[in-house]
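The numbering of the sequence shown is the numbering used here, which starts it at 11 and goes up by one. For each residue, glycine too, the CB sits at the ideal point set by N, CA and C. Some notes on the structure that comes next.
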Amino acid sequence: MIILGIESSCDETAVAIVEDGCTVLSNTIASTKEVFSMSGGVVPEDAARRQVECILPVLHASLKESGLDIADIDAIAVTRGPGLLGSLLVGTVCARTISTLWKKPLIGVHHTFGHLTSVWLGADPKPCFPSLTLSASGGHTDLWYRTAHTKGELLGRTRDDAAGEAFDKGASMLGLPYPGGPSIANAALEGDKKSYKLPIALAGVDTFDFSFSGLKTALKNTVKEHPDDTNNLAASYQEAICLQLTDRVKRALKKHPEIQEIHLVGGVSANLRLRELTREIVSDIPVRTPSEIRLCTDNAAMIASAGYFIAKEDGIPTDVFETSATIPLDAFIH
Ligand code: KG4
Ligand code: ZN
Numbered sequence: 011m012i013i014l015g016i017e018s019s020c021d022e023t024a025v026a027i028v029e030d031g032c033t034v035l036s037n038t039i040a041s042t043k044e045v046f047s048m049s050g051g052v053v054p055e056d057a058a059r060r061q062v063e064c065i066l067p068v069l070h071a072s073l074k075e076s077g078l079d080i081a082d083i084d085a086i087a088v089t090r091g092p093g094l095l096g097s098l099l100v101g102t103v104c105a106r107t108i109s110t111l112w113k114k115p116l117i118g119v120h121h122t123f124g125h126l127t128s129v130w131l132g133a134d135p136k137p138c139f140p141s142l143t144l145s146a147s148g149g150h151t152d153l154w155y156r157t158a159h160t161k162g163e164l165l166g167r168t169r170d171d172a173a174g175e176a177f178d179k180g181a182s183m184l185g186l187p188y189p190g191g192p193s194i195a196n197a198a199l200e201g202d203k204k205s206y207k208l209p210i211a212l213a214g215v216d217t218f219d220f221s222f223s224g225l226k227t228a229l230k231n232t233v234k235e236h237p238d239d240t241n242n243l244a245a246s247y248q249e250a251i252c253l254q255l256t257d258r259v260k261r262a263l264k265k266h267p268e269i270q271e272i273h274l275v276g277g278v279s280a281n282l283r284l285r286e287l288t289r290e291i292v293s294d295i296p297v298r299t300p301s302e303i304r305l306c307t308d309n310a311a312m313i314a315s316a317g318y319f320i321a322k323e324d325g326i327p328t329d330v331f332e333t334s335a336t337i338p339l340d341a342f343i344h
């Protein structure tokens, strides 16, 4: 089954074509990250305008890259939420239009469900269940115990900021450009992670939830005392975020020894220190990350893949979905 996926939830405009949930036939992304690099974050109105400019050229480019005709596409999958409403509307209106014109079924996909599926893209051998999936991005930080694509239990989630948001806000305090994850990771290469002891929230507490607001305040106070020590602060801050994430992974593994694989997904899974720390705590089962760095951050291949697994496990939905800035994931994983 060949699915054309569209992702437009934030500042990336992306269209991809994927066969049977795993083989990427094209993956085109127009990113406007550099536009927002000095404003410290995305400006929603500007992001939506850029989506309007980019969506049709990206759609054409992706079809061309795949070498396929419209007749070869079996279904359209699109991110229906959560995200910035103006940006989401551009992708969903485009998807509804081509679904009607081309007479293809339309599958609305939860953005995070796309991230959860991203480790299937280009994977050989294919991932398996039960898996423990840490999904960390700029908008969410979730820890899932999953027994199938559409079946699982949410073990923990952030109580305040998302891990990616913590990177972005931390970078802004350190005077580093947006997006903060790569900026902090780069600065950390030149720093010593043991320079400052920053707090790991909820470490001794019986929960798999996350919290980053106290850490952010601790960084703010430390920057005031040591304003010029950017690299050491970046290294210590990155370490504190990654240690909190891996603390929950370690404890969840103890609770579920039957887990076969660990999956790290979402923009923060591009972080090399997070990957290294996870591999240090897990020696006997595979730790999987998306097969390319650009599949960690927002892309449409993961949406096409998720559309395939929704159709395979639950059938192609016949109801028309609502576009929504804040939808829960329960409709996709139950
Ligand atoms: O998944 P994503 O592209 O978009 C959302 O769904 O939010 O994630 C973007 C987030 C940003 O907060 C960015 O700072 C973070 O992922 N990120 C990273 C790295 N690359 C991107 N965080 C840590 N280390 C990285 N190398
Ligand atoms: Zn995302």
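On the criterion of 16 or more Cβ atoms from any shown chain inside 10 Å, does residue 234 qualify as buried, or is it exposed? exposed
Where residue 256 and residue 247 are concerned, what is the direct C-alpha to C-alpha distance, given to the nearest angstrom? 14 Å
For the putative contact between residue 24 and residue 13, defined by C-beta atoms under 8 Å, what is the C-beta separation to the nearest angstrom? So it is not a contact: roughly 14 Å between Cβ atoms.
Quick check on the DSSP output: what are the complete alpha helix (DSSP H) runs of length 4 or more inside the segment 285-340, in order along the chain? 311-324
Can you determine whether any heavy atom of the ligand ZN sits closer than 7 Å to the C-beta of residue 125, and answer yes or no? yes
Assuming residue 61 contacts residue 100 under a Cβ cut-off of 8 Å, what Cβ separation, rounded to an integer in Å, is found between them? 4 Å
Among 259, 314, 292 and 271, nearest to residue 152 - alpha-carbon criterion: 259
Have a look at 107, 122 and 124 and flag the residue whose alpha-carbon is nearest the alpha-carbon of residue 116. 107
Decide if the segment 285-299 is in contact with the segment 266-276; the criterion is three or more beta carbon pairs, one per stretch, under 8 Å apart. yes
Of all residues in the structure, which have a C-beta closer than 5 Å to any heavy atom of the ligand ZN, taken in chain order? 147 and 308
For the ligand KG4, I want to know if residue 192 counts as a neighbour, meaning its beta carbon is within less than 7 Å of at least one of the ligand's heavy atoms. yes
Inter-residue spacing [alpha-carbon to alpha-carbon] between residue 140 and residue 294: 15 Å
CA-to-CA distance, residue 305 to residue 130, given in whole angstroms: 10 Å
CB contact flag (residue 155, residue 144, <8 Å): no
What does a CB cutoff of less than 7 Å around residue 95 pick up in its chain, not counting 5 residues either side in sequence? 335
With a threshold of 7 Å, establish whether the CB of residue 101 neighbours any heavy atom of the ligand KG4. no
Do residue 273 and the ligand KG4 come close, with the Cβ less than 7 Å from some heavy atom? no
Entirely enclosed alpha helix (DSSP H) segments - the segment 47-120, minimum 4 residues: 54-76 and 95-112
Give a single yes or no on whether residue 241 has its beta carbon closer than 7 Å to a heavy atom of the ligand KG4. no
Which complete alpha helix (DSSP H) runs does the segment 154-216 hold, if anything under 4 residues is left out? 173-183 and 190-199
In its own chain, which residues sit with a C-beta less than 6 Å from the C-beta of residue 224, not counting the 5 before and 5 after it? 209 and 211
Am I right that residue 173 and residue 123 are in contact with their C-beta atoms under 8 Å? What's the rounded C-beta distance? Going by Cβ atoms, the distance from residue 173 to residue 123 rounds to 18 Å, so no, they are not a contact pair.
For residue 145, which beta-bridge partners are listed by DSSP? 152 and 275
Quick one: give me the first and last residue of the alpha helix (DSSP H) that residue 268 is part of. Per DSSP, residue 268 belongs to no alpha helix (DSSP H) and is neither H nor E.
Close-in-space but distant-in-sequence residues of the same chain around residue 326 (CB under 7 Å, 5 per side omitted): 85, 115 and 117
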